[in-house]
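Numbering (the numbering used here), first residue to last: 3 to 332. A virtual CB, placed ideally from N, CA and C, is assigned to each residue, including glycine. Every value quoted in this text rests on a predicted model; they were computed, and no experiment measured them.
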Amino acid sequence: MADLNPTVWTRKDLIGIEDLSREEIELVLDTAPQFVAVSKRESGIKKVPLLQGRLVVNWFHEPSTRTRTSFELAAKRLSADTLGITVAASSSVKGETLHDTLANIEAMHSDVIVIRHSCAGAPHILAANHDSHIINAGDGRHEHPTQALLDTFTMREHIRAQRNDPTAGLDGVKVAIIGDIEHSRVARSDIWALNKLGARVTLCGPSTLLPMHIERMGVRVTTNLKDAISDADVIYALRIQLERQQKGLFPSIREYIRLFRIDNDSLRNAPAHALIMHPGPINRDLELASEVADGPRSVILEQVSNGVAVRMAVMHLLVNFGGKRPQGVA
Numbered sequence: 003m004a005d006l007n008p009t010v011w012t013r014k015d016l017i018g019i020e021d022l023s024r025e026e027i028e029l030v031l032d033t034a035p036q037f038v039a040v041s042k043r044e045s046g047i048k049k050v051p052l053l054q055g056r057l058v059v060n061w062f063h064e065p066s067t068r069t070r071t072s073f074e075l076a077a078k079r080l081s082a083d084t085l086g087i088t089v090a091a092s093s094s095v096k097g098e099t100l101h102d103t104l105a106n107i108e109a110m111h112s113d114v115i116v117i118r119h120s121c122a123g124a125p126h127i128l129a130a131n132h133d134s135h136i137i138n139a140g141d142g143r144h145e146h147p148t149q150a151l152l153d154t155f156t157m158r159e160h161i162r163a164q165r166n167d168p169t170a171g172l173d174g175v176k177v178a179i180i181g182d183i184e185h186s187r188v189a190r191s192d193i194w195a196l197n198k199l200g201a202r203v204t205l206c207g208p209s210t211l212l213p214m215h216i217e218r219m220g221v222r223v224t225t226n227l228k229d230a231i232s233d234a235d236v237i238y239a240l241r242i243q244l245e246r247q248q249k250g251l252f253p254s255i256r257e258y259i260r261l262f263r264i265d266n267d268s269l270r271n272a273p274a275h276a277l278i279m280h281p282g283p284i285n286r287d288l289e290l291a292s293e294v295a296d297g298p299r300s301v302i303l304e305q306v307s308n309g310v311a312v313r314m315a316v317m318h319l320l321v322n323f324g325g326k327r328p329q330g331v332a
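Following this line, the structure appears as structure tokens:
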């Protein structure tokens, strides 16, 4: 593996993108290609021993397919042991606190805890009070940091290919994020990451799905899809999270499709080079037409593939270069 500068990464945990510096984000993105190469090995041995003997625990309090399996595969490709815990099979249903559950897991000598929880801030509280490396796999409407890292990595790789420049970054790249911003932790992490990397972000959706004062995050906001995508280098469609919404946030599904769906008709207003992205799972033909999701502009499956490499990079940095829990934290 290529040499890394351990002074750049000193964090014990990955809780969010908001607190990361541009240099820390770029270190993850610069580390990921090594692990992309591991996953593509023609020898069939898609493993490296960087976490050999370590225990990675996937502790998910909300349903997940892509994120959970991606972390599990990433850990195995780093030669770690893995353990999966779901809420239905844990003592939390009996009233055990998160701290007590994690204390018991740590008694089994865990090294990395990947946690998804419906309560914003849960990973932060655990990270401040436990020695395991904590990775936030999504906390409420707050953040989803590894999704933002894999998204920006995917964008950067395509920008470099388009420009035939292996050193190109995201400075000045225009990204339009479309849809349910209000309920999206992915949108918040992507906004933090893209702003730090110099991109220009536009948010678009029904006014009821745009958080109040979201402009304070340094983004442009519009409710007009044509305006949002007219000069976009990347068009990022978000899933409409019907399970998190109250009724009446937009008139009807039919109205949303007419005004905000990304399909061949709406893409006539976008540059020909614009990439199509989506964090998954897709509500096909609602926020994104199948013809576009499966079309030549789509890099959605590349996001999934890159997610494994980026999560390998994150766990490698945390375990092999990360710091320890500050002493005296209550």
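Close Cβ partners of S120 (< 7 Å) along its chain, the five nearest in sequence each way excluded: The sequence position of residue 120 within the sequence shown is 118, counting from 1. Around S120: H63, E64, G142.
Coarse secondary structure for K228, derived from DSSP in three states: The sequence position of residue 228 within the sequence shown is 226, counting from 1. Three-state result, K228: helix.
Range covered by the alpha helix (DSSP H) that runs through K78: Position 76 of the sequence shown, counted from the start, is the residue given in the question as residue 78. Where K78 is concerned, the enclosing alpha helix (DSSP H) stretches over 68–79.
According to DSSP, residues forming a beta bridge with W11: Taking the sequence shown and counting its residues from 1, one reaches residue 11 at position 9. Looking at the DSSP assignment, W11 forms no beta bridge with any residue, so it has no partner.
Coarse secondary structure for L205, derived from DSSP in three states: Within the sequence shown, the letter at position 203 stands for residue 205. Strand.
Reduced DSSP secondary structure (H/G/I, E/B, other) of L300: One-based indexing of the sequence shown puts residue 300 at position 298. Sequence inspection shows Ser at residue 300; the Leu mentioned does not correspond to that position. S300 falls in the strand class under three-state DSSP.
Proximity of I19 and A195 at Cβ, strictly below 7 Å: For this step, residue 19 is matched to residue 17 along the sequence shown. For this step, residue 195 is matched to residue 193 along the sequence shown. Yes, these two residues count as a Cβ contact at 7 Å.
Given I136 as reference, the closest of T12, L16, R79 once Cα atoms are compared: Taking the first residue of the sequence shown as position 1, residue 136 is located at position 134. That would be L16, whose Cα lies nearest to the Cα of I136.
Limits of the unbroken beta strand (DSSP E) element including L31: Within the sequence shown, the letter at position 29 stands for residue 31. Unbroken run through L31 is the alpha helix (DSSP H), 24–41; no beta strand (DSSP E).
Any 3 or more C-beta pairs closer than 8 Å across the stretch 283–298 and the stretch 155–168: no
DSSP-derived helix/strand/coil call for A178: For the purposes of this step, residue 178 is taken as the residue at position 176 of the sequence shown. DSSP places A178 in strand when its eight states are reduced to three.
Whole-angstrom distance between I47 and R70, CA atom to CA atom: Mapped onto the sequence shown, residue 70 falls at position 68. Mapped onto the sequence shown, residue 47 falls at position 45. Approximately 22 Å between the Cα atoms of the pair.
Distance between beta carbons of A272 and I231, contact taken as under 8 Å: Mapped onto the sequence shown, residue 231 falls at position 229. Mapped onto the sequence shown, residue 272 falls at position 270. The pair is a contact, with the Cβ atoms about 4 Å apart (cut-off 8 Å).
I115 CB to nearest heavy atom of the ligand HEM below 6 Å: Absence of the ligand HEM from the depicted structure is noted, as is the absence of any ligand whatsoever, leaving it without description.
Buried/exposed call for H132, threshold 16 Cβ in 10 Å: Along the sequence shown, read from residue 1 onward, the residue named residue 132 stands at position 130. Burial call: buried.
Through-space distance from I259 to R246, alpha-carbon basis: Here residue 246 corresponds to residue number 244 of the sequence shown, with the count starting at 1. Here residue 259 corresponds to residue number 257 of the sequence shown, with the count starting at 1. Summary for R246: the model assigns pLDDT 48, below 50, so the residue's position carries little reliability; its value from the coordinates is reported in the next sentence. Each residue's Cα considered, the two are about 19 Å apart.
Contacts around I302, its chain only, beta-carbon distance under 8 Å, and the 5 residues preceding and following it disregarded: Within the sequence shown, numbered from 1, the residue matching residue 302 stands at position 300. The residues are I278, M279, H280, G282, I284, A295.
Beta carbon of A76 nearer than 7 Å to that of T84: Locating residue 76 in the sequence shown gives position 74, where the first residue counts as 1. Locating residue 84 in the sequence shown gives position 82, where the first residue counts as 1. Not a contact, by the Cβ cut-off of 7 Å.
Pairwise C-alpha distance: A39 and L57: On the sequence shown, position 55 is the one that residue 57 refers to. On the sequence shown, position 37 is the one that residue 39 refers to. Cα to Cα, L57 sits roughly 23 Å from A39.
Minimum length 3: unbroken beta strand (DSSP E) runs contained in the stretch 91–156: 114–119, 135–141
DSSP bridge partner residues for N60 (one or two, in chain order): Indexing the sequence shown from 1 puts residue 60 at position 58. In the DSSP output, where bridge partners are listed per residue, N60 has G86, V116.
Same chain, Cβ closer than 6 Å to L219, five either side skipped, listed in chain order: Counting from one through the sequence shown, the residue named residue 219 turns up at place 217. Residue identity differs from the one stated: residue 219 is Met in this sequence, not Leu. Closer than 6 Å at Cβ, skipping near neighbours: I193.
Buried or exposed by the 16-neighbour rule on C-beta atoms within 10 Å, applied to K14: In the sequence shown, the residue the question calls residue 14 occupies position 12. Burial call: buried.
For I237, the first and last residue of its enclosing beta strand (DSSP E): The residue labelled residue 237 in the question sits at position 235 within the sequence shown. DSSP places I237 in the uninterrupted beta strand (DSSP E) bounded by 236–239.
Residue of A170, K176, V221 minimising C-alpha distance to I183: Along the sequence shown, one-based indexing puts residue 183 at 181. Checked all of A170, K176, V221; the closest Cα to I183 is V221.
Contacting residues, own chain, Cβ-Cβ under 7 Å from Q149 (five flanking each side not counted): The residue you call residue 149 lines up with position 147 of the sequence shown. For Q149, where only same-chain residues beyond five positions count, the Cβ hits under 7 Å are V188, S191, P281.
Per DSSP, cross-strand counterpart(s) of I278: Residue numbering aside, residue 278 sits at position 276 when the sequence shown is read from its first letter. Beta-bridge pairing links I278 to I237, S300.
A4 classed as buried or exposed, judged by whether at least 16 other C-beta atoms fall within 10 angstroms: By 1-based counting over the sequence shown, the position of residue 4 is 2. Here A4 scores only 49 on pLDDT, less than 50, and its place in the model should not be relied on; the value that follows carries that caveat. A4 should be labelled exposed.
Residue from I216, L104, P35, M314 whose Cα sits closest to the Cα of P168: Here residue 168 refers to the residue found at position 166 of the sequence shown. Nearest C-alpha to P168: P35.
V223 (DSSP reduced to helix, strand or coil): Position 221 of the sequence shown, counting from 1, holds the residue named residue 223. Strand.
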